[in-house]
Amino acid sequence: MATPPADLSIGAAAGECIPANIDIQRDDTVRAIEPIPAGERHYYTVLGCAEGWLAYSISDAGVKAIGLDGGNAWYNIATLQSNGRYLTDFGQPWTSIYNWEFLGYDVQNGKYTTVQEGMDHEFATAGIPVRLRTQLVGPGPAAPEPGGPTAGECTPANIDIQRQDQVRAIDPIPAGERQYYTVLGCAEGWLAYSISDEGIKAIGLDGGNVYYRIARLLSSGRYLDEYGEVYSCVRTWEFLAFDVQAGKYASVQDAMDDQFSTNGIPVRLREQLVGHGPAASTP
Numbered sequence: 002m003a004t005p006p007a008d009l010s011i012g013a014a015a016g017e018c019i020p021a022n023i024d025i026q027r028d029d030t031v032r033a034i035e036p037i038p039a040g041e042r043h044y045y046t047v048l049g050c051a052e053g054w055l056a057y058s059i060s061d062a063g064v065k066a067i068g069l070d071g072g073n074a075w076y077n078i079a080t081l082q083s084n085g086r087y088l089t090d091f092g093q094p095w096t097s098i099y100n101w102e103f104l105g106y107d108v109q110n111g112k113y114t115t116v117q118e119g120m121d122h123e124f125a126t127a128g129i130p131v132r133l134r135t136q137l138v139g140p141g142p143a144a145p146e147p148g149g150p151t152a153g154e155c156t157p158a159n160i161d162i163q164r165q166d167q168v169r170a171i172d173p174i175p176a177g178e179r180q181y182y183t184v185l186g187c188a189e190g191w192l193a194y195s196i197s198d199e200g201i202k203a204i205g206l207d208g209g210n211v212y213y214r215i216a217r218l219l220s221s222g223r224y225l226d227e228y229g230e231v232y233s234c235v236r237t238w239e240f241l242a243f244d245v246q247a248g249k250y251a252s253v254q255d256a257m258d259d260q261f262s263t264n265g266i267p268v269r270l271r272e273q274l275v276g277h278g279p280a281a282s283t284p
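Count along the sequence shown from 1, add 1, and you get the number used in my numbering.
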């Protein structure tokens, strides 16, 4: 069993289930054991811990900031060491499992009946006790309600919104407000939509109407617009035209591509999500 330097336990109680008590050992030639840097801990969320196992996730912003490979399709796993700290050893088979969102694609492709079945398979294959699944990563999303939108359907009725407030509740778009929402396009688990000027006024949203909203497909088959994520909005074509007039970009298409790239949205999906954009005006 690997033992990190003695002073790494400072600042966290033995066995405490927090990012400050997690060490990471990369699967490289050095194999150094290092704590999660203090300046990066806000990207990490402990999902649960039980019987010496700990599961955690890294936000999309964290994956981008830290420069991790492979996107954000995994939960990472750490085990409790004799010094009271948890260790993620990337040389071990149990160190990472697919997250609920990724397993949702396996359900859609017919590999599993439910994401819970998929997660149990992940645990068993990785050598993690399956009985701890709920304690480590939660129960997972429920199946869609009968009579509701089908899994992955690109409609306002299939969009949930998580505001950036203290509650962070996830709520569907109210049925009485859906007429204000227009889905612009969806592809590869991404969905773009707009809200009408009338809707902005009726709903009481701040900031005018200069954004298209972006949502991601979850394992539940529903799309989530999470206001705390960098990808959750891009400027509209109309707004970007002002940047072209100011000489910042040669065209609104260049501007939109820059928005997509900056926010971590695949640029290749631009036309499928928000269309071609207006043609350049003739001099």
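Each residue gets a CB set at the ideal place from its N, CA and C atoms; glycine is no exception.
ask   = Closest by CA to Ala33, which one among Gln117, Asn77, Gly92?
value = Within the sequence shown, residue 33 is the residue found at index 32, counting from 1. Of the candidates Gln117, Asn77, Gly92, the one whose C-alpha sits nearest the C-alpha of Ala33 is Gly92.
task = Give me the Cα-Cα distance between Ala188 and Glu199, rounded to the nearest whole angstrom.
result = Position 187 of the sequence shown, counted from the first residue, corresponds to residue 188. Position 198 of the sequence shown, counted from the first residue, corresponds to residue 199. Distance from the CA atom of Ala188 to the CA atom of Glu199, rounded to whole angstroms, is 27 Å.
message = Using the three-state DSSP reduction, which class does Arg214 fall into: helix, strand or coil?
response = On the sequence shown, residue 214 is found 213 positions in, with the first residue counted as 1. Looking at Arg214 - three-state DSSP - the assignment turns out to be strand.
key: Separation of Ser262 from Ser10, as counted between CA atoms   = Numbered from 1 along the sequence shown, position 9 holds the residue referred to as residue 10. Numbered from 1 along the sequence shown, position 261 holds the residue referred to as residue 262. The predicted model places Ser10 with a pLDDT of 42, which falls under 50 and marks its position as unreliable, so this point remains unresolved.
ask   = Where do the ends of the alpha helix (DSSP H) carrying Thr89 lie?
value = For the purposes of this step, residue 89 is identified with residue 88 of the sequence shown, where counting begins at 1. Element bounds for Thr89: not the alpha helix (DSSP H) but the beta strand (DSSP E), 87–90.
inquiry  = Starting from Gly139, trace the alpha helix (DSSP H) in both directions and tell me its first and last residue.
reply    = Counting from one through the sequence shown, the residue named residue 139 turns up at place 138. Here Gly139 belongs to no alpha helix (DSSP H), and DSSP marks it neither H nor E.
Rounded distance between the beta-carbons of Pro94 and Tyr57, thought under 8 Å = Counted from its first residue, the sequence shown places residue 57 at position 56. Counted from its first residue, the sequence shown places residue 94 at position 93. Taking C-beta atoms under 8 Å as the contact rule, Tyr57 and Pro94 fail to qualify, at a distance of about 17 Å.
query = Can you give, in chain order, each stretch of the alpha helix (DSSP H) that sits fully within the stretch 54–111 and has at least 4 residues?
reply = List check, alpha helix (DSSP H) in window: 61–67, 101–109.
Sub-8 Å separation of Ala15 and Tyr44 beta-carbons = What you label residue 15 is simply residue 14 of the sequence shown in a count that begins at 1. What you label residue 44 is simply residue 43 of the sequence shown in a count that begins at 1. With respect to the 8 Å criterion, Ala15 and Tyr44 are not classified as neighbours on the basis of their beta carbons.
key: Segment limits, alpha helix (DSSP H) that includes Arg236   = Mapped onto the sequence shown, residue 236 falls at position 235. Annotation for Arg236: no alpha helix (DSSP H) segment contains it, though the beta strand (DSSP E) segment containing it runs 234–236.
Proximity to Val116 [Cα-Cα], best of Ile215, Asn100, Glu272, Asp24 = To locate residue 116, count along the sequence shown from 1; it is residue 115. Scanning Ile215, Asn100, Glu272, Asp24 for the CA closest to the CA of Val116 turns up Asn100.
query = Is Asn22 near Tyr87, with beta carbons less than 8 Å apart?
reply = The residue labelled residue 22 in the question sits at position 21 within the sequence shown. The residue labelled residue 87 in the question sits at position 86 within the sequence shown. A Cβ-Cβ contact shorter than 8 Å links Asn22 with Tyr87.
request  = Report all residues from its chain with a CB closer than 7 Å to the CB of Asp8; omit the five preceding and five following residues, and keep chain order.
outcome  = Here the question's residue 8 lines up with position 7 in the sequence shown. In this predicted model, Asp8 has a pLDDT of only 43, less than 50, meaning its place in the structure is not dependable enough to derive any value.
task = Could you check how far apart the C-beta atoms of Gln163 and Leu225 are, in whole angstroms? I think they sit under 8 Å.
result = Position 162 of the sequence shown, counted from the start, is the residue given in the question as residue 163. Position 224 of the sequence shown, counted from the start, is the residue given in the question as residue 225. Under the criterion of beta carbons closer than 8 Å, Gln163 and Leu225 qualify as touching, at roughly 6 Å.
Beta-carbon contacts of Ala39 that lie in its chain and below 8 Å, excluding the five residues immediately before and after = Mapped onto the sequence shown, residue 39 falls at position 38. Hits under 8 Å: Ala21.
request  = Could you say which of Leu48, Gly85, Glu35 lies nearest to Trp75 if we only look at CA atoms?
outcome  = In the sequence shown, residue 75 corresponds to position 74, counting from 1. Looking only at Leu48, Gly85, Glu35, the smallest Cα-Cα distance to Trp75 is reached by Leu48.
task = Give me the Cα-Cα distance between Pro140 and Val268, rounded to the nearest whole angstrom.
result = Position 139 of the sequence shown holds residue 140. Position 267 of the sequence shown holds residue 268. For Pro140 and Val268, the distance between alpha carbons rounds to 34 Å.
Three-state secondary structure (DSSP) of Tyr113 = Here residue 113 refers to the residue found at position 112 of the sequence shown. Three-state result, Tyr113: coil.
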